[in-house]
Each structure stands twice: as C-alpha cells, then as structure tokens.
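Quick mapping for you: the protein sequence lines, in order, are chains R and H. 120 is the number that numbering that gives the first Met the number 0 gives to position 121 of the first sequence; each next residue is one higher, with no gaps. 119 is the number that numbering that gives the first Met the number 0 gives to position 120 of the second sequence; each next residue is one higher, with no gaps. Yeah, the Cβ is synthetic: ideal placement off N, Cα and C, and Gly gets one too. Taking it in order: structure first as structure tokens, then the write-up.
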Amino acid sequence: MAWHRKVLRVNLTKGTCVAEPMNMEWADQYLGQRGLATKYFVEEVDAKVDPLSPENKIMFVTGPLTGTMASTGGRYSVVTKGPLTGAIACSNSGGYIGAEMRFAGWDMVIVEGKAAKPVYLHIENEKAQLLPAEDFIWGKTVWETEKLIKTKHQDPQMRVCSVGRPAEKGVLYAAVVNDLHRAAGRSGVGTVMGSKNLKAIAIRGTKGVGGVVKPKEFFESVNAGKKVLAENAVTSQGLPKYGTQVLMNILNEMGASPTRNHKDSQFEGAHKISGEAMHEKRASDGKANLTTNQACFGCTIACGRISTIDPTHFTVKDKGGYLGNSGGLEYEAAWALGNAIGVDDIDALTYVNFLCNEDGLDPITFGATIGAVMELYEMGVISKEEIGFECKFGDAKALVKLAEMTCQGEGFGKIVGLGSKRLTEKYGHPELSMSCKGQEFPAYDGRALQGMGLAYATSNRGGCHLRGYTVASEVLGIPFKTDPQSTEEKPELLKAFQDATAVVDSTGLCVFTTFAWGLPDIQPQIQAACEGDWSLEKLNLVGERIWNLEREFNLRAGFTAKDDTLPNRFLVEGIKNGPLKGAVTRLDIMMPKYYELRGWDAEGVPTAETKQRLGL
Amino acid sequence: MLKSLNIDPEKCTGCLQCEMACSYENEGVFNTSKSRIKVFDFHHEGRQVPYTCTQCAEAWCLHACPVDAIKLNAGTGAKIVLDDVCVGCKVCTIACPFGTVNYNHDTGKVMKCDLCGGDPACATACPTGAITYVNADWTGLDKMRKWAAKTDTQPRA
Chain R
0 MAWHRKVLRV NLTKGTCVAE PMNMEWADQY LGQRGLATKY FVEEVDAKVD PLSPENKIMF
60 VTGPLTGTMA STGGRYSVVT KGPLTGAIAC SNSGGYIGAE MRFAGWDMVI VEGKAAKPVY
120 LHIENEKAQL LPAEDFIWGK TVWETEKLIK TKHQDPQMRV CSVGRPAEKG VLYAAVVNDL
180 HRAAGRSGVG TVMGSKNLKA IAIRGTKGVG GVVKPKEFFE SVNAGKKVLA ENAVTSQGLP
240 KYGTQVLMNI LNEMGASPTR NHKDSQFEGA HKISGEAMHE KRASDGKANL TTNQACFGCT
300 IACGRISTID PTHFTVKDKG GYLGNSGGLE YEAAWALGNA IGVDDIDALT YVNFLCNEDG
360 LDPITFGATI GAVMELYEMG VISKEEIGFE CKFGDAKALV KLAEMTCQGE GFGKIVGLGS
420 KRLTEKYGHP ELSMSCKGQE FPAYDGRALQ GMGLAYATSN RGGCHLRGYT VASEVLGIPF
480 KTDPQSTEEK PELLKAFQDA TAVVDSTGLC VFTTFAWGLP DIQPQIQAAC EGDWSLEKLN
540 LVGERIWNLE REFNLRAGFT AKDDTLPNRF LVEGIKNGPL KGAVTRLDIM MPKYYELRGW
600 DAEGVPTAET KQRLGL
Chain H
0 MLKSLNIDPE KCTGCLQCEM ACSYENEGVF NTSKSRIKVF DFHHEGRQVP YTCTQCAEAW
60 CLHACPVDAI KLNAGTGAKI VLDDVCVGCK VCTIACPFGT VNYNHDTGKV MKCDLCGGDP
120 ACATACPTGA ITYVNADWTG LDKMRKWAAK TDTQPRA
C-alpha cells in the first residue's frame, strides 16, 4: 500500500502532536485527499460550527499517489469549514509540500483547537512539534515566513506552507500558500489557519514513499499515462506554452468572458493580458512577461508561469523589490484582476498576482470583490472619500492600491477583505455580488456556458469552476463537444464531471490531467498503488459518495435548495452584448433534472434510497 | 562507446521525476532526499538546473577514499561506491570539488551517481529531454549544432 496509514493529530489548545493510525475503512470508501479528509471532517466536526472558532478543524491531506512518480502526483488538499461560505471547503494545491508530507511518513495532518499564542508546526519525519511564531514570523508575509523558517532551521530543502498577514487580520478569503507561489486558494482556508494562531507548517521528510502494491503494473500504468499527456495537444503544447492562460482569448472571443462585474461578457483588453501577450517582448528591457514554465512536483505537463514585471512599471519603479521572477498569471487570476474589473495592464496584474502569492490572498474572490466595489462606486453608492481615491472600472492604480491595503488590513482594505457578498450587503445591493453560497464566480460566463451556470449553482464549496469543469466539453470538446448554450444533457454532463473530479481530487493527482486523461487512465495507477478493489465502477461510486457527503454537510450547516441559485444578472438580466446577447442561465430547466439525476428530492436532499445506494 | 549524462537546464521544468526515479532505482522508495541527482530552483532568476556527478576521469573521491571503496566501472566509466567496503568516513565528500558525493545517514555509507549500470533512470524519467544519456565524447554536439546553424547565414554568391 502506497499509504503510510499514519495521521498526525495536532491539538493547538493543548499543544500536543500525536500520531494515530489512519482509518483504512474510510480510505477504502473515500480513497484519499478530498474524499478521505471530508469523511474525517464530517465525522468530527459539527456542521453548525463557527468556521473561525476553535471548534472548527483544518486538515492537510494527501492522496495515495502523492509523492510517487505518477505524473502530477504531488497534490494535497486543505479541508475545513470555509469562513467565506459557511460550507465545506476543500482547496487543492501543488508545489512540493504535499509530497514532502508523505516523505516524512505522514498521510494527513489534522489540526484542532486554537493556540494561546501564535505557533508554527515543524515536522521532521516522525518528530512533530509546535514552536513559537511570535517575534519571529507572526506579522510577516508568506515569502518572509518561508525564508525565516528555512534560515532558522538551517534547512534549504525544507518545504513550507503558511498564511500571510490577511489571514492574521481576518480577511475572509486568505489562502494557504506553499513553495512561494502555489496555493490552496479558495473559500478562506487560510483564514481558518490564521484564526487558530497557526502561522505555518514546515516539513522535511527523508523516509519516502514505498510499499506500492504492484510495482511492475504501477510503472506500466504511470508510463502509459505520461505518454497520453505527452501526445495530447492541450497537455503537451497548449498548457506548457501558455499555461491556463491559453483560454483567455478563446473564452473572450466567444463572448463567454464575464467583464466588469458581469455587466459585459467580452473584454476589449483581453488580448493585452492573454497567454499570448505574456510572450510578447516589452519595450523597456526587451524581455517578455513570461520567463519560463515550471512544473509542480512530479508533473510532466508544467503549466506554471514564471514571470517578471516591467522594471519601469509604476508598481515597482520606486519599490526596489518585486524585480525578480516569481509565480506569474494563470487564467483565473488574470481574469479576476483583469476582465472582472476592466484592467488591461499586464504588469499591474502580475504585480497584484505577486502580492496575492506573497501575502496569501485568493485572487479570484479579491478581483471579483473589486469588481463589485467599482460598480458600486460608479453608481455613486460608495464615495471617493470612503475609499480614499477614485475607483472606476479599468483603473489599474486603484486595483494596486486596494490590493496593498487589503494585504495590510488598512482603511477600505478591511471592507474589501469581507468579500463581495458581505460588502454588497453592507451597501444595500446584495444583487451585485457575483457569487453563490458566498463564493465568487471565476472566469467563465455561466450564462454563456449553461453547464457552468449549473456548476456554479450546485458546487459544494460555492462559486467555483473546479468542481465540475464542463468548459472542457462546452468550449474545448473534451471528451466530446456540447453546445454551450444548450441545456440539453447538461445536468448529465455536469454530474459526470462532478463525480469524476471528486475522484481525481482524492488521488493526489492534478485535475489538469483530465484535459487528456479520463478515469480509465487513472484507475490502473490507483489499482497498482493501493490494496483492494479499485475498479472503474467503484471509483465512480466513490466520486458520487464524496459529492453527497459534502452535500449533506452543507444541508446540516443550514443551506437549502434556495441557495442553489445564481444572481439576477444570470437568471433575469442576461448577457447585454456580444455574440451571446440575451442569454440567461436556465436553472429553471436544468435544476429539477439535476436533482433527479442525483437522487435528491425536490428540496435538494438525498433520498433514503440514494443514501443507501452510496453507503452513507 | 562510453556514454555520459548530458544536462540541458533550459529544458528543465523542475518536476523532480529524475530525483524520484533515482531514489526508487537505488533505495526502492520515492524520496527526493535520497536522490543522487538534484534539481536546483533559482526562483528569482526563473531557472531550474539539474546537477549530478560528471564521473571525473581522475576522480577526487576515488583517490581520497582511505579504504578503496570507490571503484571505476570500466564498462560505463562510472565511479561506484562499494557499500560493503565503505566505512562512511565522508572523506570523499570533502575531496569532491562539486559536492556530488553525499552521506546517507540511513545506511551509514556515502552515495553518488553510478549511472545505474549504464541505463540511468533519471534520463529515462525526464519528460522534457533536459537529462539525456549520450556519447561521452560528444556531449557538446547539440550545442555545436545549434550554433552552427547560426553561422554561414549570408546569401550564397
């Protein structure tokens, strides 16, 4: 078994770190990572818990393939109840720390309680200890924290994940950032970590991952999978060359790029902030924004962007820092910091992206919240005096200032830190929050792509593209092409994507592999690595079980069918311009069908029969 | 024909497949800290660079070893550590100017690249061709070809 079967339980209130055996029965039912930690979470935590109270827990969890040679096998997830949403939160990250956790001999770290004073968790193989963070890394950024910890422990090979200042100050969408520019970004998982006075986790492992059940079959299936990735145009050419930014021009041209808080669906400046634009040489120093691509642990795709900011740009000119390379724009960030607020300045976007990495902020929610601020400003609801400066759509300087203020928790930045739902409610315009269950939508217009509209309304962690990426089918034709505007078969398509994604998120692999892989490519890798039966049928059932487990948690937390909805801008107003003018999201047609397919009653509650079928 | 590892850092993405292949080949586990090849991330420069033993002809490590635990494999040209002879004194780690011989505290021996007996696992695992196993006398051939293509570009008379 590729598992160590070992869980580290850290109680911050008591200051204890205790090893315990992993529940292998649950691993058999929920695979690993997202599924397994969610099972632990719902068993141990009351769904009504206040996300920022000591009673909430936060779990850092790997999958059975994390730390192996399976391509992209370096993922880990952070599972908790999200403060932005009040729903189950599960944010997934790459980089290297997930593998390092397994190298140290652990499959999962469960953190409970709250430390009296700020601490960080130091793990060196079986040795785990809580160390004081005060007068050391508390109050520091993620980038400073990683450097200080490595220096103190004299270990440059250590891997660190941490939260920045926004998490300490209670910004509701703080991220947990690892390896400088990889993030468990959404739903405010970093805010939970900060609320517990846990600043960072630093890991060093020299034990490694062994015990693959059938090594010969494992290497055969892993190598076959790598071959598929190497021969697929998206995973071997599009993603390495342009990153996820390969999508910017495609979505915009079809009129599916939500712009200026979803007021428009095409952004006239999209080509200036696209994947192609990142390759263009600038006048000042003759360099392109993009220096190189970079892989996460074990990944043979390598979609990561490593970028620089134009040294003459206003964001860096008088600062001195930020002149070297760091994690550059991926599509969701470029869209949220660009299209969503009408800014087409690629260097301003790259700078704010650096800030989000440096201090641990979800750029999607941040950008979408600024979109709402700018709309309210243009309506005259929020004044210049209140913000401190002009704040119209398209103002790069306003974006940059608001990002700095949100990271530092100063002035109007405190209000931006609430996210768009609370912010628009505060100003009496809740209809202007482009969110579902409190979490902002990402870079695909849910009116243009009917499947994505349904995906946003039904996602268990609030507005999100990564719970059922029907974009693959509706835009790219993977695994087959569907008409984006058609509602026909979309509930079926979405359910299949949601269940399959729940499986991928539980393996330790990256969901981007599914541009080329289907579950039949992944199944033999799991089967060879793990004990027991991991047939396709079982995997599909596991995916559906995970989805329903999350759903039931949300229902217990107080969500109802009424929350499976979208803003009026989606359902009534519709798209105002562009090729898809007039389009609305037809939840009225799709939702009843979706509930039926899921085996839920009219109130969106899994029926007794469904629960029995899934063993819930 | 003697072959040699050839590293082209420009092609490296930092995925560490080489490190895992190395640790699995030599230790039977996936563990980058047990790899004989290491990838260095010069983050702010945007460069990832793999580095390992280049198998010096006159190897410092071999000459420094007080118990003759490092031997030449004539077939591959690799300088290999004889684990049953090595006493873990680490003198070779001091002698090596490049840092590519290192101590493994789990075994109490030193470890270095042995070219996997002539079929290096790192080169096989590398997905981008950043690590290849080529004719030892002509590791510069690709670079020469690249530069050669840039010469003689004037129109012919």
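- CA-CA distance, R:Gln32 to R:Arg466, rounds to 15 Å.
- Comparing alpha-carbon positions, the option among R:Asp562, R:Thr564, R:Arg585, R:Asp563 lying closest to R:Gly573 turns out to be R:Arg585.
- A residue is called buried when at least 16 other Cβ atoms come within 10 angstroms of its Cβ; H:Trp146 does not meet this threshold and is exposed.
- Runs of the alpha helix (DSSP H) lying entirely within the stretch 341–389 of chain R, each at least 4 residues long, are 345–358, 362–377, 383–386 in chain order.
- Here R:Met107 is near R:Val6, since their CB atoms are less than 9 Å apart.
- Between R:Met247 and R:Ser264, the beta carbon gap of about 14 Å keeps them out of contact (Cβ cut-off 8 Å).
- For the stretch 22–36 of chain H, the set of residues with a beta-carbon nearer than 9 Å to any beta-carbon of chain R comprises Ser22, Tyr23, Glu26, Gly27, Val28, Phe29, Asn30, Thr31, Ser32, Lys33, in chain order.
- Taking CB atoms only, H:Pro126 has a neighbour in chain R less than 9 Å away.
- Per DSSP, R:Phe102 is one residue of the alpha helix (DSSP H) stretching across 96–102.
- Spanning the alpha carbons of R:Ser458 and R:Pro519 requires a straight line of approximately 24 Å.
- Sorting R:Phe514, R:Glu549, R:Glu551, R:Leu613 by C-alpha distance to the C-alpha of R:Gln236 places R:Phe514 at the top.
- Scanning its chain for C-beta atoms nearer than 7 Å, with the 5 sequence neighbours on each side dropped, one finds around R:Gly517 the residues Pro478, in chain order.
- Take R:Pro82, set aside five residues on each side of it, and the residues of its chain with a beta-carbon closer than 7 Å to its own are Pro50, Leu51, Leu171, Gly187, Thr190, Val191, in chain order.
- Taking R:Val141 as the centre and dropping the five residues before and after it, the same chain places the C-beta of Ser161, Val162, Gly163, Val176, Leu179, Asn356, Glu357, Asp358, Gly359 closer than 8 Å to its C-beta, in chain order.
- Rounded to the nearest angstrom, the Cβ distance from R:Gln438 to R:Arg460 is 7 Å, consistent with a contact under 8 Å.
- When Cβ-Cβ separations below 9 Å define contact, H:Met110 makes no contact with chain R.
- Counting every other CB atom within 10 Å of its CB across the protein chains shown gives H:His62 a total below 16, marking it as exposed.
- Selection R:Asp344, R:Phe496, R:Asn124 evaluated against R:Tyr593 yields R:Phe496 as nearest (Cα-Cα).
- In terms of beta-carbon proximity, H:Thr12 lines the interface with chain R, with at least one pair separated by less than 9 Å.
- In the structure shown, the three-state DSSP call for R:Val212 is coil.
- Interface residue (Cβ-Cβ distance to chain H less than 9 Å): R:Ser220 is not classified as such.
- Counting only runs that start and end inside the stretch 35–100 of chain R, there is no alpha helix (DSSP H) element of at least 4 residues.
- R:Ala339 has its alpha-carbon roughly 36 Å from the corresponding atom of R:Met100.
- Against chain R, a Cβ distance below 7 Å from H:Gly45 picks out Thr290, Thr291, Ile305, Asn324.
- Excluding sequence positions up to five before and after R:Lys213, its CB lies within less than 7 Å of the CB of Ala527, all in the same chain and listed in chain order.
- Distance from the Cα of H:Gly45 is smallest, within the candidate group R:Glu145, R:Ala294, R:Glu267, R:Gln153, for R:Ala294.
- Where R:Ala528 is concerned, the enclosing alpha helix (DSSP H) starts and stops at 518–528.
- The DSSP-derived three-state label of R:Cys509 is coil.
- Taking all protein chains shown into account, H:Gly87 has fewer than 16 neighbouring C-beta atoms within 10 Å of its C-beta and is therefore exposed.
- At least 9 Å separates the CB of H:Ala77 from every CB of chain R.
- By the rule that beta-carbons nearer than 9 Å mark a contact, R:Val208 touches chain H.
- About 5 Å separates the beta carbon of H:Ala20 from that of H:Cys121, a gap short enough to meet the 8 Å contact definition.
- Taking a beta-carbon distance threshold of 9 Å, R:Lys494 does not count as an interface residue toward chain H.
- The shortest CA-to-CA distance from R:Glu216 to any of R:Gly303, R:Asp394, R:Val44, R:Pro523 is the one to R:Pro523.
- By the neighbour-count criterion, in which 16 or more other beta carbons inside 10 Å mark a residue as buried, H:Ile36 falls on the buried side.
- As the crow flies, the alpha-carbon of R:Phe313 is around 23 Å from that of R:Val372.
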